[in-house]
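Here full-length UniProt numbering is used: position 47 in the sequence shown is 47, and no number is missing along the way.
Everything below concerns the one structure shown next.
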Amino acid sequence: MTTIPAARSERRHAPAAGLRAHSTALRAHADRLRASAEALTWQGPEAEAFRRQVETLADRCTTAADGLTLSATHLEAYERPR
Numbered sequence: 001m002t003t004i005p006a007a008r009s010e011r012r013h014a015p016a017a018g019l020r021a022h023s024t025a026l027r028a029h030a031d032r033l034r035a036s037a038e039a040l041t042w043q044g045p046e047a048e049a050f051r052r053q054v055e056t057l058a059d060r061c062t063t064a065a066d067g068l069t070l071s072a073t074h075l076e077a078y079e080r081p082r
């Protein structure tokens, strides 16, 4: 069985679309991390330290997502026909 290759325009935008998909996934992970940390009933200094670590991780996910979105935007600008 042969596979029909994607049209050039679809292939051309695939890398940027992949970056955007990863960005969306990272944002969803960050949201879930934050929601899970807020839902904890655990109290005390260790709980607060844990929540701070989770928030730091969620912030890192958001920062990475922002970078991926920016990269996708630059890639799309570079790929546009002149």
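All C-beta atoms in this analysis are idealised placements derived from N, C-alpha and C, irrespective of residue type, glycine included.
Please read all numbers here as calculations on a predicted model, not as lab measurements.
query	result
How far does the alpha helix (DSSP H) with T56 in it reach, from first residue to last?	45-79
For the ligand SAH, I want to know if R34 counts as a neighbour, meaning its beta carbon is within less than 8 Å of at least one of the ligand's heavy atoms.	No copy of the ligand SAH appears in this structure; indeed no ligand is present at all.
Can you tell me the Cα-Cα spacing of A47 and D66, whole angstroms?	28 Å
What residues in its chain sit with their C-beta under 7 Å from that of P15, if we drop five residues either side in the sequence?	L75
Which word fits R52, buried or exposed, when buried means at least 16 other C-beta atoms lie within 10 angstroms of its C-beta?	exposed
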